[in-house]
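So the protein sequences, as listed, match chains U and Y. Using this note's numbering, the first residue of the first sequence is number 9, and each one after it goes up by one. Using this note's numbering, the first residue of the second sequence is number 2, and each one after it goes up by one. Every residue, glycine too, gets a C-beta built ideally from N, C-alpha and C. Here is the structure we will look at.
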Amino acid sequence: MSTSSPPSRRFSLPLRARLAATVGGAAGRASRLAGRGDGSVIGGVIGLRLKPDLLSLLARGRQVVLVTGTNGKTTTTRLVTAALGTLGQQIASNAFGANMEAGLVAALAKAPDATLAVLEVDEKFMPAMLEATSARVVVLLNLSRDQMDRAAEIWMLARRWRAALAAAPGCRVIANADDPLVAWAAGQARQVTWVAAGQRWHDDSWCCPNCGSHLRRDGEDWYCGECPNRRPPVRWVLAGDEVIDPTGRSRPLDLALPGRANRANAVIALAVAGVFGVGTVQAMGAVKQVRSVAGRYTQVERHGCALRLLLAKNPAGWLEALDILVPPPVPVLLAVNARVPDGRDTSWLWDVDYRRLRGRPVFVTGERRLDLAVRLEADEVAFRLAGGVDEAVNLARSTSMEVIANYTAFQQIRAALGRVG
Amino acid sequence: MKGDGEVGGALEASGRQSYRSRGPSAVRLVWVYPDLLSTYGDRGNLLVLARRARLRGFPVEIAEVNSDQRVPVDGDIYLLGGGEDLPQILAARRLAAGGGLAAAAGRGAVVFAVCAGYQIIGTEFGGAEGEPVPGLGLLDMRSGRGVRRGVGEITADVDPALGVERLTGFENHQGVTHLGPGAKPLAFVVTGVGNGDGTEGAYSGRVVGTYLHGPALVRNPGLADLLLGWVVGTLPPIDPWQEDLVLKLRADRLAAHGAPG
């Protein structure tokens, strides 16, 4: 793939594709003007209807990075974009999480002159999007249970990833070696950079994805007692608050974003930057600056109370979110919905261990607050029900509060607070 | 495995296999193969049984037994959860080889199995390509693969002989289950799919299976009490304030899915 491109790539597209991209772009602008979403999907939908292979055409001649996994896609996409931004080239990116085909099309159509593209991709669509974009790099973050009423089962997903990556020898895979499902999925790829990015959530990888035996774990290491499957040797390491690069040099990460999961995302972003010749120090300078991603981690003032908004969509995400809460007695507001984008099934609440919320003020809201209330009761966590974020702020009488919400509950809270961040 | 303490988080779950203490009056709960069969919050059934026993003053002992460990034969209630095709087949194979669960059921222990676990305790179920895989045969029923996936809320009226109120839960499976003469339907579908022929789940003696997945006992405290009652006899009532939220949740879900009766 070439890094040089004509002055404007737009004119290298066939006429019909150009028309499709233009009509799609206009629809996206109209959608934003009409106040219906951020316009990142509708344009892509219309463009694809006019020209079904539009994504391949738009990706042609660009160096594409695909970022996928259950958690951290949007943040990592943002961090990779920041790191590659130091190259001084324009970058196409679906920065607001529209991660299916139409969202990718819209992102590329919006930036016709960008020779680089950093695109987050829904886990299920990664194989198809890899084929369509002939991606230069694929990032595999992690794989765990998520919205299982509509998502594929994760062992099956790992199998599809494995086949897709085996069939793409020109692609470099940046993969988390600490997640056995991810390691197995990348196991037949031709070029892999393994990153020790850690794994807090083990409940989907007690067994070997290759043969099904109970996996042995020894500190960070994991291996199968029955077959040769084991943790691959790593090039990049997240060690506490520091990153160790392939030369063995250790540096503090010092991120503006909170939490272990974001440090893991940052190390992966540094590994991606390395593929494009961006040095660790240069990339770190850019990655450190990122403070909030699509409204997440934002601080918002409400009636004298500083709220920090955290998004958590599944058990692994809740585990990481509970990890980064500031200590008691700062109150915590939890909000849960079960609309289609959240998953209609609230069973996953029982996979989250809430016991560490004992002994601090907890408020519960969202459309499925009763499900969450019963869950907390079983973990002997005291809480109060609240009709919404304002009621919780009033009840809490605190100068600050931590908020953890799942997808549509998070959007509702952002809307109630005036779409901040 | 733990004594009468807390129900462990996931990280504490592995590697404990014998009861620390054994009070004569304790209810012994055995969670079978959480490493293979735990997909949809299956821990909920363990937590609900433990809570409802303790609220009545019964101590609880909990064993979480992974697939590389031996299933103890002296438990009171055995729980099996849901899982994908491959883990389900592995679990069935290991349970058959180990023999502990069948021995426990043979001496009258309670077995409560959901979703993939439900299929495992039958005589046969469908594998990854739909091929028949032998089950444990604790219930006279066999399962195969249906044409499409049943995903959504399910409500079902329980066999009146069991004296349990209408079931409410969530199902997500492609299984079709046929009961033999040795098993009775647990319930009859009001909304949802269940076994595929209008019946839902199955039971025989103290072995119960259902397609309500994951934390099936959470919204069905009557079913939880049926299982506990089989172990300890007559159950004292629970303070109403301790049940208030569960009953509200139950009513809310039943009303939302068109089955308020």
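Same chain, Cβ closer than 8 Å to residue 398 (chain U), five either side skipped, listed in chain order: 310, 311, 424
Cα-Cα separation between residue 421 (chain U) and residue 197 (chain Y), rounded to whole angstroms: 40 Å
First and last residue of the uninterrupted alpha helix (DSSP H) at residue 289 (chain U): Taken as a continuous stretch (DSSP letters only), the alpha helix (DSSP H) holding residue 289 (chain U) covers 288-296.
Rounded straight-line distance, which links the Cα of residue 331 (chain U) to that of residue 258 (chain U): 24 Å
Contacts around residue 96 (chain Y), its chain only, beta-carbon distance under 8 Å, and the 5 residues preceding and following it disregarded: 33, 34, 72, 102, 103, 121, 137
Neighbourhood of residue 391 (chain U) by C-beta distance below 7 Å, restricted to the same chain and skipping five residues each side: 370, 371, 372, 381, 384
C-alpha distance - residue 239 (chain U) paired with residue 207 (chain U), whole-angstrom precision: 12 Å
Per-residue burial, residue 220 (chain Y) [other beta carbons within 10 Å of its own, 16 or more giving buried]: buried
Where the beta strand (DSSP E) containing residue 147 (chain Y) begins and where it ends: 142-159
Minimum C-alpha distance to residue 108 (chain Y) - residue among Y:93, Y:116, Y:79, Y:118: Y:79
Identity of the residue in U:120, U:123, U:146, U:119 nearest residue 129 (chain U) by Cα: U:146
Any C-beta of chain Y under 8 Å from that of residue 220 (chain U): yes
Reduced DSSP secondary structure (H/G/I, E/B, other) of residue 169 (chain Y): Residue state, collapsed to three classes: strand.
Near the ligand ATP: residue 140 (chain U) beta-carbon under 7 Å from a heavy atom: Although the ligand ATP was asked about, the structure shown includes no ligands whatsoever.
Span separating the alpha-carbon of residue 360 (chain U) from that of residue 215 (chain U): 20 Å
Where residue 405 (chain U) falls, given that 16 or more other Cβ within 10 Å makes a residue buried: The Cβ neighbour count for residue 405 (chain U), taken over all protein chains shown within 10 Å, is under 16; the residue is labelled exposed.
Within 8 Å, strictly: CB atoms of residue 318 (chain U) and residue 299 (chain U): Between residue 318 (chain U) and residue 299 (chain U), the CB-CB gap reaches or exceeds 8 Å.
Pairwise C-alpha distance: residue 295 (chain U) and residue 243 (chain U): C-alpha separation (whole angstroms): 19 Å.
Straight-line Cα distance separating residue 213 (chain U) from residue 79 (chain U): 15 Å
Below-8 Å beta-carbon distance, residue 215 (chain U) vs any chain Y residue: Interface annotation, residue 215 (chain U): in contact with chain Y, CB-CB separation under 8 Å.
Own chain partners of residue 225 (chain U) with C-beta closer than 6 Å, once the 5 adjacent residues on each side are dropped: none
Chain U contact for residue 45 (chain Y) (CB, 8 Å cutoff): yes
9 Å Cβ cut-off: residues of chain U touching residue 85 (chain Y): 161, 162, 163, 164
Boundaries (first-last residue) of the beta strand (DSSP E) holding residue 55 (chain U): Not the beta strand (DSSP E): residue 55 (chain U) falls in the alpha helix (DSSP H), residues 50-58.
9 Å Cβ cut-off: residues of chain Y touching residue 356 (chain U): 41, 42, 215
Residues that DSSP places opposite residue 205 (chain Y) in a beta bridge: Residue 205 (chain Y) pairs with Y:208.
Segment limits, beta strand (DSSP E) that includes residue 418 (chain U): Careful: residue 418 (chain U) lies outside any beta strand (DSSP E), inside the alpha helix (DSSP H) at 415-424.
Cut-off 6 Å between Cβ atoms - residues of its own chain near residue 64 (chain U), not counting five sequence neighbours on either side: 140
Collapsed DSSP secondary structure at residue 64 (chain U) in the structure displayed: DSSP places residue 64 (chain U) in the helix class (H, G or I) of the three-state scheme.
Close beta carbons around residue 93 (chain U), own chain, < 7 Å, minus the five adjacent residues each side: 99, 294
Pairwise C-alpha distance: residue 124 (chain U) and residue 282 (chain U): 15 Å
Cβ contact check for the segment 101-120 of chain U and the segment 329-343 of chain U: 3 or more pairs under 8 Å: The segment 329-343 of chain U and the segment 101-120 of chain U do not touch, with fewer than three beta-carbon pairs separated by less than 8 Å.
Segment limits, beta strand (DSSP E) that includes residue 127 (chain Y): 125-127
Residue 24 (chain Y) versus residue 100 (chain Y) - alpha carbon distance: In this predicted model, residue 24 (chain Y) has a pLDDT of only 49, less than 50, meaning its place in the structure is not dependable; the value taken from the coordinates is given anyway. So the alpha carbons of these two residues sit roughly 25 Å apart.
Minimum Cβ-Cβ distance from residue 23 (chain Y) to chain U less than 8 Å: Below a pLDDT of 50, predicted positions are generally treated as unreliable, and residue 23 (chain Y), at 42, falls in that range; the measurement from the model is reported next regardless. By this cut-off, residue 23 (chain Y) is not an interface position.
CB contact flag (residue 134 (chain U), residue 201 (chain U), <8 Å): no
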